[in-house]
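First the structure, in the form of structure tokens, and then the observations on it.
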Amino acid sequence: MLQSYFDTDNNGHKHKSFELPGAKPHYNPDRPGQVEHIFLDLNLDIPNQSYDGTCTIQLKPVRNGIDRLTLDAVSLNIHSVQVDATSTTYDYDGQQLQVNLANPTQTGQSIKIAIAYSVTKPQRGIYFIAPDKHYPNKPVQVWTQGEDEDSRFWFPCFDYPGQLATSEIRVRVPKPYIAISNGRLIHTEENGDDKIFHWLQEQVHPSYLMTLAVGDFAEIQDEWNGKPVTYYVEKGREEDARRSMGKTPRMVEFFSQKYGYPYAFPKYAQVCVDDFIFGGMENTSTTLLTDRCLLDERAAIDNRLTESLVAHELAHQWFGDLVVIKHWSHAWIKEGMASYSEVMWTEQEYGAEDAAYYRLLEARNYLAEDSSRYRRPIVTHVYREAIELYDRHLYEKGSCVYHMIRAELGEELFWRAIQTFVQDNAHNTVETVDLLRAIEKVTGRNLLFLFDQYVYRGGHPEFKIAYSWDSDSKLAKVTVNQTQNDLFDLKIPIAFGYAQGDVGAHSYAPLQKTFTVRVHEKEQSFYFPLEEKPQFISFDANNNYLKTVTLEYSIPELKAQLQFDPDPISRIYAAEALGKKGGLEALNALAEALKSDRFWGVKVEVAKQLAQIKLDQAFEALVVGLNDENPLVRRAVVEALGNIKTYASYKALKPIVEDGDSSYYVEAAAARAIGVIAAAQLEEKPKEEKVLKLLRSILENKAGWNEVVRSGAIAGLSQMKISAEALDLILEYTRLGVPQALRLAAVRALGTISTGQSATNLDRILERLTELSYESFFLTQVSVVTALGQMETPKAIAILQALATQSLDGRVQRIAEEAVAKVQSSAGSDQAVKQLRDEIDQLKKQNQTLMSRLESLEAKASK
Ligand SMILES: [Zn+2]
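Here the sequence shown stands for residues 1 to 863, where the numbers follow UniProt numbering.
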């Protein structure tokens, strides 16, 4: 599964425990037997958002004498239960269904439990989507979401991933709707105004991967090796479907090769559904995706999220669906690999530098959660709800662990180990130890040391690296500090680089000398005899380990590394160190890299660093990047100019807001940035009403793909924290009827803008958020919590507490509780502190002007 397709603001706060009150160890239940087959026979009543039918479970008992079975079944209406065609008694408490067996079980003798039931207006598990007076164009759809423990909300089952069975869904739907489910379509039948679709999944899988999607979809046929690859989308979006999912057959081929196991199921369908609560869900052979991933022509320019989403869910067809986790605590085996498969596909499609950068961004997602939210072992079975585990540790850190295994084993052995893991465990369940066993079986290597440090305990190494050169003895001295508490014990390559002879501006130097050292103490110094002084040092050459680094090299080494290191991640680290050093020399090196680095990702990072340097010259260096041909670079430059907050940067950004850019994202970033600048304390600055007028005109005229541009305008408004007019405008866009993506952005913006508003306006915001908190849609609740979490008034706490106790969703409960703690700590920062902060900002600005002049003078003098 992939949680979010669109970025939301980080809702985190500092260093809380992962385990909330009420967390406890979770185990799979005792098994009465092996579920062999599940058959759902359902009649959908779409106008009334209800259905009835029968769930038949065939079970092969594991032992004699069991006279009672316990099934998960939440909020269902149970009409009758039969065992082997004979009615039986049962108890049902709305959570679990206890079925009494008149004849106690006999080992190996299968029984059939048939449960007749119905469901009306379900809240979870199965979702009925329909137009209403606010959204008359919304399509009619029905879809399901089982992971993690929600299948029990739509059919009775033994609802845990350790039970694998074949399955079958026969469903009657009104015409013209079509029903898509797991496996192959074995029968269809017209029946008056209805049509029956009968699907059969002949490979075993767990209950959470059973699915049903119903709608009046367009069906686009593709294929891989004779197997149907099908895209289902709302009619009219056929072009977008091909544009967004058209690489699927190539991906199926790629993963079949890499995992050493041909795609295992009879077809692969992707169904794009409305109001989907996740990015995507890898139901066996039938992935559901949010329809927001469908790209139009302009979005396709610089949106790679969709391609990654498609790769992620497809990778799960092996990791998750073919090889199934036995318990949620091992979910990183599948989510880590699905996330790492995004890296693999990026490498295949866009090359090694893009893949390395993708990996760095994944690592940063994990690092942000670790530093701002909590730290936990990747594998843990202590939680309140399994869904809490689906965090940045599970996905991104999991991905980084797979990469470290690859680096440790080397290319050939890694893939042989992965292939053996898949082949040995196909159609079966696994735990983390099974991966270790597969690695040992193929390679003889015991990687427990790596798992102990990165999987079974929290954290990562935080390195501080210093370097010096002794020219008399020709010794390079590298001092490595581990600044975190729990020390790591790793073998790390350190490389020394030389740019030979007549190098152009950007021929990247091969790393000439590499030494591998064991780093295991708090502080260690290493001495390396070298024939010549190296130009730069690459700690953890290739950057395979998950870590943070602080480089304490002098400017010449950092400049040379930024210019010549062949590894883009090392160049980025050098850029970060230069940004921290500041000064004109560092700035000039960064300016040069923004113009001439060969890789867009480095340029993006360089732009960020330029904005960190408090010199007026940073503007001139950055503004050049507005003409970069890569929209991702332009976007970063626009954001950086927003952070510089000067009248000059406003003037540079205004044309983008007015005239547009080929990229939606660049336009959105520009709209946000002018709001940031308008709100800054500046001597010379744009008139507030001018900026408001610009942003208002975007809201009125730039409706479009996923409301990216208009959401940018809302974000710009939210920065204008003391403006009552900006608030009024944002509030207008929180009303029902506003396109959902834009409305959610406006809801979130209420939190950002709240911190500068008057007491009266603050009450208006709280009132609106209270109203919104009663809406049951998951994404609305998340946006409300995000907004409240940014507020600095204790009044937000009551609303959050109500959500924490009343929301039906474990994720909402959790983030609401975290937000309470966040508000509690920020409510302390009062007006006086803020005023002081503003004054300091102004002093810094004056100082910057002086420094800039001084640096210019010095530069002139030294020429
Ligand atoms: Zn996933």
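Just so you know, even glycine gets a beta-carbon here, dropped at the ideal spot from N, CA and C.
Item, Value
"Kindly indicate which residue of F153, L2 and A713 has the alpha-carbon position closest to the one of A673.", "A713"
"In this structure, how does DSSP classify D728 when only helix, strand and coil are distinguished?", "helix"
"Along the beta strand (DSSP E) that carries residue 864, what are the first and last residues, could you check?", "A question about residue 864 goes unanswered here, because the residues of the chain that appear run from 1 up to 863."
"Could you spell out where the beta strand (DSSP E) holding A213 opens and where it closes?", "L212 to G215"
"Identify, in the order they occur along the chain, each residue of the same chain with its Cβ nearer than 6 Å to the Cβ of A483, setting aside the five sequence neighbours on each side.", "Contrary to the premise, residue 483 reads as Thr rather than Ala in this sequence. Same-chain partners within the cutoff: E462 and K464."
"With ligand 1 as the reference, list in chain order each residue whose Cβ lies under 6 Å from any of its heavy atoms.", "M1, L2, H312, H316, E335 and A338"
"Can you tell me where the alpha helix (DSSP H) with A355 in it begins and where it stops?", "A352 to S372"
"Do I765 and L750 have their CB atoms nearer than 7 Å?", "yes"
"Would you kindly work out how many angstroms separate the C-alpha atoms of I46 and P21, rounded to a whole number?", "40 Å"
"Does the beta-carbon distance from P139 to T107 come in below 7 Å?", "no"
"Below 8 Å on the Cβ atoms is my contact criterion, and I expect R68 with N100 to pass it. Report the Cβ-Cβ distance as a whole number of Å.", "6 Å"
"Rounded to the nearest angstrom, how far is the Cβ of G398 from that of S308, given a contact under 8 Å?", "Not really, about 15 Å apart at Cβ, beyond 8 Å."
"Do the stretch 392-410 and the stretch 816-826 touch if we need at least three Cβ pairs shorter than 8 Å?", "no"
"The beta strand (DSSP E) with A269 in it runs from where to where?", "Y268 to V273"
"Enumerate in chain order the residues of its own chain whose CB-to-CB distance from V606 is below 6 Å, with the five nearest sequence positions on each side excluded.", "A575, L590, A593 and L594"
"Identify which residue in N761, Q109, G737 and T86 has its Cα closest to the Cα of K133.", "G737"
"For P631, which residues of its own chain have a beta-carbon under 6 Å away from its beta-carbon, when the five flanking residues on both sides are left out?", "I301, D302, S663 and V666"
"Within the stretch 146-199, note down every full beta strand (DSSP E) run reaching 3 residues or more, in order along the chain.", "165-174, 178-181 and 184-191"
"Taking DSSP's pairing of strands, which residues face R375 in a bridge?", "Answer is none; R375 lacks a bridge partner."
"Say whether the stretch 76-87 touches the stretch 104-121, bearing in mind that this needs 3 or more beta-carbon pairs closer than 8 Å, one atom from each stretch.", "yes"
"Is the stretch 246-257 in contact with the stretch 200-208, if contact means three or more CB pairs nearer than 8 Å?", "no"
"Is the number of C-beta pairs between the stretch 537-555 and the stretch 563-581 that are closer than 8 Å three or more?", "yes"
"Between P104 and chain B, is any beta-carbon pair separated by less than 7 Å?", "This model lacks chain B altogether; it includes just one protein chain."
"Got a sec, what are the start and stop residues for the beta strand (DSSP E) D72 sits in?", "R68 to D72"
"Judging by CA-CA distance, which residue of A417, D489 and L615 is the nearest neighbour of R437?", "A417"
"Determine which residues share a DSSP beta bridge with A796 and list them.", "None, per the DSSP bridge assignment."
"Helix, strand or coil: which one does DSSP assign to Y545?", "coil"
"Could you check the C-alpha separation between A668 and L744 for me, to the nearest Å?", "15 Å"
"Please report how far the alpha carbon of F451 lies from the alpha carbon of V691, in whole angstroms.", "53 Å"
"Should N48 go down as buried or exposed, given a rule of 16 or more other Cβ atoms within 10 Å for buried?", "exposed"
"How should A787 be labelled, buried or exposed, when 16 other C-beta atoms within 10 angstroms of its C-beta is the threshold for buried?", "buried"
"What did DSSP end up calling L399 once you bin it into helix, strand or coil?", "The residue you asked about is not Leu; residue 399 is Ser in the sequence shown. If DSSP states are grouped into helix, strand and coil, S399 belongs with the helices."
"So if DSSP puts V229 in a beta bridge, which residue, or which two residues, is it bridged to?", "D222 and Y268"
"Looking at the secondary structure, which residues open and close the alpha helix (DSSP H) in which N643 lies?", "P631 to I644"
"Pull up the distance between the alpha-carbon of D193 and that of R304, whole angstroms please.", "42 Å"
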